[in-house]
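Chemist: Residue numbers (our numbering), protein chains in the order written: chain A, 1 to 320; chain B, 1001 to 1219; chain C, 2001 to 2539; chain D, 3001 to 3484. Heads up, the beta-carbon is just placed ideally off N, CA and C, and yes, glycines get one too. From a predicted model like this one, the values you see are computed outputs, not experimental measurements. The structure under discussion is supplied below as structure tokens; questions concerning it will follow.
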Amino acid sequence: MVLFFLRLVASLAHIALVFALAPLLLGLVTKLRARLLGRRGPPLLQPYRNLRRLLHKTTLVPDTATDLYPIWPFVSFTAIAVAAMLVPGFCLGLLTSDLSDFITLVGLLALARGAAMLAGLESGFGFGGAAAAREALFSVFAEAALLVVLVSFVLIAHSPTVDGIAAAFRTGHIGISVSLGFALAAMLAVALTETGRIPTDNPSGHLELAMVHEAMLLEYSGRFLLLFEYAAMLRLMVWMCLIGTVFFPFGMARAGEILSWPGGLVLWAGKLGVMAVALSLFEIGTAKMRVFRVPEFLGVAMLLGVLAGVFLFVAARIGA
Amino acid sequence: MNLVYPLAHLMGGVILLCAFSMLSQRRLAAMITLYQVQALTLSAAAFWQGFAQGAGDLYLTGLITLAIKGILLPMGMRQIVQRFNMVRAVETTMPVGLSMILGVGLIGIAVLVVLPTTVSAVSLTREDLAISLSVVLLGLLVMTLRRHAIAQVIGFLSTENGLVLAATGMPGMPFVAELSVALLVLLAFLVIGVFLFRIREHFDTLDLVGIEEIERRGR
Amino acid sequence: MHLRLDALSVLFLCILLPQIVASALAERRGPVTFWVFAAAMVLTLLAGDAFTLIFGFELMSAASWLLVLRGDARPATLYAGIAMFSAACLIPAVFLPASSLAFMLVLLGAGAKAGLAPLHSWLPRAHPAPPAGVSALMSGGMVKVSLYILIRYGFIEFGAAAQPWWGSVLIVAGAASVLIGALRAMLEVELKTMLACSTVEHVGLIAVGLGIALRAKAMGNLDLASLALQGALLCAVAHGLFKPMLFLGAGAVKNATGTTSLDWLGGLMRGMPRLGMLMLVGAAGMAALPLGPGFAPEFLLLHAVIRAAGTGGILARIGFTALLAGLGLSAALALGAVVRLIGIGFLGRPRSLHAAAAEDAKRGTLAGMGLLAVLCVPVALLPGVVLGMLEPVIALLAPNSAPAPLSYAPLSLGILFALTAGAAVLGLRRFAVRGTREVAAWTGGFGSPPAWLPFGDPLTQPSATGFAEPVRRAIARGLLAPKGVDPAEAYLLLPLSKVSLRLTRVAEHIRRSTMRQRLAFVFGALVMFLLALGLGEGG
Amino acid sequence: MNLCLPAVFLPLLAAPAMGVFGTRAQGAVANLVLNVIVFGFTIAVFFGPGSGLIHADGLGMIFGVLTSFVSLMTALSNLSFVWGGNEVLSLRRWRVYHAMCQVVLGSTLLGLYADNIGLLWVAVEGATIAATLGVSLPRTASALEAAWKYFILGGVGIALALFGTMLVYLAAQPALGPGLPAMSFAALTEHASKLDGSLLTLAFVFLLFGYGTKAALVPLHGWLPDAYAEGPIPLTTALSTLMLNVALIAILRYRHLMQANFAGGGGALQPGVFLLTLGLASLLLTAFSLSRRRDARRFFGFSSVEHSGIAVFAFGIGGAAAIFGGLLHMLVHTLVKSALFQALMRGAALRGSAAPGNYGFSHLRGMVHSNKYTGWLLGACVFALTGLPPSGLFASEFIIISQTIQRDPYVSLPLGLGLVLCAVAIIRNIGPLVFGHAPPHTKHQKAGIGINLVGLQLVLAFMVAFAMPWFLLHSLSSVAAALQ
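What follows is the structure in structure tokens.
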């Protein structure tokens, strides 16, 4: 009973934190990037301001849009939000841990992606369609790479859920294995694509022809745009949590024991910070690549995933 | 000594010889003559067999053969050859030498097939069978090698002679006369057919190329 | 000619009946052939002996061939050829004792009829030909009947002699179909052709599941077998629901606009909203999105593949990992195809006056689709229950195996969804500015359209072809034959047709032979026989 | 009492009279009347099979009834053919035509009922000559050409058959003594094992070639397509059904002799391999010859080659079940083919004239637009030839294939290939022929009442295959068992 109560509290805390900190994380990345480029950059809290501004803007609906126009933002946002609830953040053993099956997660991301693509096609407008087509192309490889990575996780952890994988990995005796390194690389590539960062997409770009994620939302404004923006922030958060939880599960709190929470929280914040720094460093280090280079980029990721599986097999043979 | 079988074989040999030398002949007239000789020998053979086996209907067969094949058909064919002035040489589709080699091969096959088969059969019919089979095959060979309808008809006729020879050789086979009559009906239709083709102006020559032309027009 | 009913046939009857009802509703008392077709499928499922099975199967082929012929004569011959090929494979197979040869024949026969690669290329041509109801039944039902035969013989009749490599063959064929099907579904412009391609994909998915199950069963790993079977059978159920729905919808679109080419549609959501909603349900299933009917099977299959990757040697590991990649690839491609279907066809601006003037589908069609949509709900939200119903079938196919409970709980996910969405709506109600203002859409910098195009210039919005272009450039070049032709056609059908053409020429030559040549045939054959005889007896 | 005699000799004796007297209408009527009577006799034969030179065994009875039934149907459709003014023939030729119909019927029955190998040969020869005359009747260039071909090739076949017949006698003569017994099927079968096996084998080769020519087995089929296409169409029906059956049955009987001799250790070879070779050759060559035909009658002529090939193949497989399958195949194919040719005739009549040369697919296409019922029936007939259910041929082919698998699995591959190819080649014509665009100026017309005959025969074919009356089943299977 107490245990359940604690888990409930932990889950609620997790949800609240994730939803609250997502804009901050984005702001942090942007800030760091600007700083590393030698600019002052927007204040940390700028994302919150944007959201508030959008709240107060009238929502304009293009006359060519169909009745489904308002649906897509909600679908996209909800899918990402649920994903954010499933991926453990600072502590394991949340109420949602049983739901957090890796494949379900992939499905949720796909759902959000689909909604965004349809939103791009909604008003029959050229750039949105082009962006949706590119997104479709990217997603093909991203999803494949993600699933391939999953093999080695499940085979190591004997559990398909993110929670279970993390739990298995944090009991350190797996140690550092080559395959996990490959898996990490693959996962990072996918994460960069999914969250629309450089080198596959430029979040701060303003040239319609070059944009992917932003271009799909060009026709949206006001509260619908807010949903999309918020979803994008949440997506960044989800991916960082995912990578942090799976690859650096050390020091994560247990929902059952309240005393471990503070440590978990601190470490979680630390991880997010480190990852934000890493991300911004990477982004200033590389340039955006041409659209048709991206499949190769992700194809490499997929290959790494396969290699991870193979090396895992070899390692098992050697170990045995 | 008993003369029955030696004579039978002698006649059989003559018939085979005729059939074989048909292959070598280039001219229709000569082929017709050969055929006539063959038919006459056949009727003689029939008479002889009838005498030897004491079977009455073989005499009938011999009579029919003599009358129709030995006399009427050759005359008719000579008529055709004369009227359609085809006395000129027949062009064969294959050099004579080669066709004769084929003929020898056919005789060899006939012997090869028949001799081992009839160990248990009456030993004498064995050679008869071999001979008549070779006559049949040679006739067919003539049919396939010659272009002129007349030549083909002659080939067919000699095949049929081979059949009758075999029939006469069969000890005590019933219906021999009937069968040979039935065959004759066939032959009659054959020759009539030739006349038909000639009388009706569908093919300006009996050369079957005419038929093949129509065949080429497709469908 | 006697009948039998066991769990397997009951399951497939349950898959079949709703489609028949729905198609009948849509076609409103279709032609006699239609009913013969339906009856033949039922007969095949009920068959208790080989003769009845083959009879029903062939009758099904014949009736469907006639229906295809009436629809469009061009693919009919190819279809007939495939049907007879499968017959020629099946009839011997059912008489051979259980052996690898027999199973291969069954696989060829049933696989050809089910559209398994490399014998699938007839399917995207033949299925779109007849009227929508028939296409629906062919795509949702006939394919299943073929798979039923495959299952019946692979697992039950020949079950004793099963070898692991049977499963591997099945998996490879399935994987190929999945990839090619999904890819072509993404590239095709014709609505019905695209749906047919996606049928190939789903058949491939089912085949992969069955193959894993067969392999695992032969290797004695019964739990994996039951997991894979769950996936395959559930996939069959789900596909049997949403694919006919989509085909019926495509038929309605054809009725309303006179075309099924996505390049001439667009904005149908305005003209036919109810149809559009039903299509959304089906599309969610086809794209295997969470909370849709298609996700649970995909989920199970992926888990089965991952589990299978842990069994066997290095080859199995590499193979199954690659297979997983392929499945992921095709899942995303299917999503792209669905987005293309809905986004190009039903959203955006009309691309032709017909599309602009489209009116909603007839009541019969909507009723039929509605029926299927309602049946989708339990598969989508309560897959656990459906799997519970599948228990006896799995017990029949993989005896004394204990299927693991499903670890995907759409119901609680759905609750989370509802909560979040509700929160979002309420939050926006509370804090955001209410109401919306309709404004002219941004033309994207293009000039204003001419007067005779009230809905704007179609050329200024993405076309279906254009939408598929990136995928074509990045993937199709590698996987398909040159010029985007299906590899099965380029490397299998074309050479075969060339060979037959050559032989036909030979036959014609023989037929045209002159009379002397014909005599020569007779004579030569006779001499041959005699020679053989003489040598045979002499030696 | 022996009811075979009237059944055989009535038409044969009536033929000369019909050749001399009567207008064409009277001839047609007389034809019909005679057929009705003969049909009655053939049924009555069941109660008076008789004995001696001409008597009916089980096979003879069944196929005798089939023969007279088909020729009755032909005679019925003959009426409309004659009155329709389809064929422009002089009165003399009409008379010859009717006489020939009778001769073909009579000699076919003779061939079925004859218990004497010589008589069988005579019957086949008579039928051949009659058919040749019939084919040459239209007197067109192509008809004469066809007749000439038919005559030469058929003549060669007959000569070979006679030689084989004499060899059989020679093989039997030591065992059975000189005279009639050595030529009677009954006696031969009785003492099959005592015959001289090696002679018998030689004889079988000649008989196979002789009667195989009549059965139009590849490579002996050269006469068939033209003969089918150029003669008056009712005759074509007779050719493609009745005479084919006689030849096939003759082959079957001799095959049985040889098989029995082989089984009895008489030293004969197994007949199977010869039959299989010719059967497969027919099947495979047909498969590729079918695809380019533009004339419907040639097309279906080739399909007859295919089906006699299948029957011979079944005989080659051997065993009671396979023989049963082969016989069933012959029965059903006979009915379907005669139905088909009558449907074709009606269709061509709807398109103007049923004279030869009006049977191009381009001329007949889109039959439903001329008459819905005729079109569908035509389609059904053609479809029935493919051997897909619900066609009756499905049952027989199913039996044959299953037997092949069990007895000789390897030849089942070419068999299956040939069947599939033929079926595809046939089925692809249905679409254009039935539903295609009709040639210009095609009006929808009424089909005569006679079109129902086609339906009747189709239904019969279906019944024979799937709902076979028990007595037929019983006698057919006993025949098959006796001849295995």
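1. Can you look up Gly3360 of chain D in the DSSP assignment and give me helix, strand or coil?
2. If contacts are defined as beta-carbon pairs under 8 Å, then Lys3337 of chain D and Asp3226 of chain D qualify, I think. What distance do you get, rounded to the angstrom?
3. Does DSSP put Val18 of chain A in a helix, in a strand, or in coil?
4. Using beta-carbon positions only, say whether Leu362 of chain A and Gly2328 of chain C come within less than 9 Å of one another.
5. Is Ile2212 of chain C close to chain A? Criterion is C-beta to C-beta, closer than 9 Å.
6. Find the residues of chain B that neighbour Val2527 of chain C, judging by a C-beta separation of less than 8 Å, and give them in chain order.
7. Just checking: is the beta-carbon of Leu3160 of chain D within a distance shorter than 9 Å of some beta-carbon in chain B?
8. Should Gly3450 of chain D and Leu3199 of chain D be called a contact, given that it needs their Cβ atoms to be closer than 9 Å?
9. Taking beta-carbon pairs under 9 Å, can you tell me which members of the segment 1141 to 1160 of chain B lie near chain C?
10. Counting only beta-carbon separations shorter than 9 Å, does Leu1016 of chain B have a partner in chain D?
11. Compare the beta carbon distance of Leu272 of chain A and Met240 of chain A with 9 Å and say whether it is the shorter of the two.
12. Where Ala276 of chain A and Leu227 of chain A are concerned, what is the direct C-alpha to C-alpha distance, given to the nearest angstrom?
13. So who's on the other strand from Cys2235 of chain C, going by DSSP bridges?
14. Counting only beta-carbon separations shorter than 9 Å, does Ala2520 of chain C have a partner in chain B?
15. Run through chain G and tell me which residues come within less than 8 Å of Arg3428 of chain D, C-beta to C-beta.
16. Where does Asp163 of chain A fall in DSSP's three states?
17. Would Pro2244 of chain C and Ala2196 of chain C be called neighbours here (beta carbons separated by less than 9 Å)?
18. Give the single residue among C:Leu2526, C:Phe2012, C:Leu2017 whose Cα lies nearest to the Cα of Phe3274 of chain D.
19. Taking the CB atoms as reference points, tell me whether Ile3062 of chain D and Leu3476 of chain D lie closer together than 9 Å.
20. Using a Cβ-Cβ cut-off of 9 Å, state whether Arg2505 of chain C counts as contacting chain B.
21. Could you tell me whether any Cβ in chain A is nearer than 9 Å to the Cβ of Trp2442 of chain C?
22. Pick helix, strand or coil for Pro62 of chain A, following the three-state DSSP scheme.
23. On the three-state DSSP scale, how would you describe Leu3476 of chain D?
24. Classify Asn2400 of chain C: buried if its beta carbon has 16 or more other beta carbons within 10 angstroms, exposed otherwise.
25. When you compare the CB of Leu6 of chain A with every CB in chain C, is at least one pair closer than 9 Å?
26. Within 8 Å, do at least three Cβ pairs link the segment 3057 to 3076 of chain D to the segment 3235 to 3254 of chain D?
27. What does the alpha-carbon distance come out to for the pair Gly3411 of chain D and Arg2477 of chain C?
28. Which residue comes first and which comes last in the beta strand (DSSP E) that contains Thr2436 of chain C?
29. Between Pro1171 of chain B and chain D, is the shortest Cβ-Cβ distance under 9 Å, so that the two count as touching?
30. Check whether the Cβ atoms of Gln2959 of chain D and Leu3012 of chain D lie closer than 9 Å to each other.
31. Between which two residues does the alpha helix (DSSP H) harbouring Glu2391 of chain C extend?
32. Would you say Met2041 of chain C reaches chain D, if we count a Cβ-Cβ gap shorter than 9 Å as a contact?
33. At 9 Å on the CB atoms, spell out the chain D contacts of Ser2099 of chain C, in chain order.
34. To the nearest angstrom, how far is the alpha carbon of Ala3480 of chain D from that of Gly3319 of chain D?
35. By the three-class DSSP mapping on this structure, what secondary structure does Ala2114 of chain C have?
36. Just to confirm the assignment, what range does the alpha helix (DSSP H) spanning Asn3429 of chain D have?
Modeler: On the basis of the data shown:
1. strand
2. Not confirmed; about 18 Å, so no contact.
3. Of the three classes helix, strand and coil, the one that applies to Val18 of chain A here is helix, per DSSP.
4. As shown, chain A starts at 1 and ends at 320. That puts residue 362 of chain A outside it, with no answer to give.
5. no
6. Leu1106, Ile1109, Leu1137
7. At least one beta carbon of chain B lies nearer than 9 Å to the beta carbon of Leu3160 of chain D.
8. no
9. Leu1141, Met1143, Thr1144, Leu1145, Arg1146, Arg1147, Gln1152
10. no
11. yes
12. 23 Å
13. Cys2235 of chain C is not bridged to any residue.
14. yes
15. Protein chains A, B, C and D are contained in the structure displayed, whereas chain G is not.
16. The answer is helix: DSSP assigns Asp163 of chain A an H, G or I state.
17. no
18. Among C:Leu2526, C:Phe2012, C:Leu2017, the Cα nearest to that of Phe3274 of chain D is on C:Leu2526.
19. A distance below 9 Å separates the beta carbons of Ile3062 of chain D and Leu3476 of chain D.
20. Not an interface residue.
21. Interface criterion met: the Cβ of Trp2442 of chain C is under 9 Å from a Cβ in chain A.
22. strand
23. DSSP places Leu3476 of chain D in helix when its eight states are reduced to three.
24. exposed
25. no
26. yes
27. A small correction: the amino acid at residue 3411 of chain D is Val; Gly does not occupy that position in the sequence shown. If I take the Cα positions, the gap works out to 42 Å.
28. 2436 to 2439
29. yes
30. Look at the range of chain D in this structure, 3001 to 3484, and you will see that residue 2959 of chain D is not part of it.
31. 2383 to 2397
32. no
33. In chain order: nothing, as chain D lies at least about 11 Å away.
34. 8 Å
35. helix
36. Per DSSP, Asn3429 of chain D is one residue of the alpha helix (DSSP H) stretching across 3412 to 3430.
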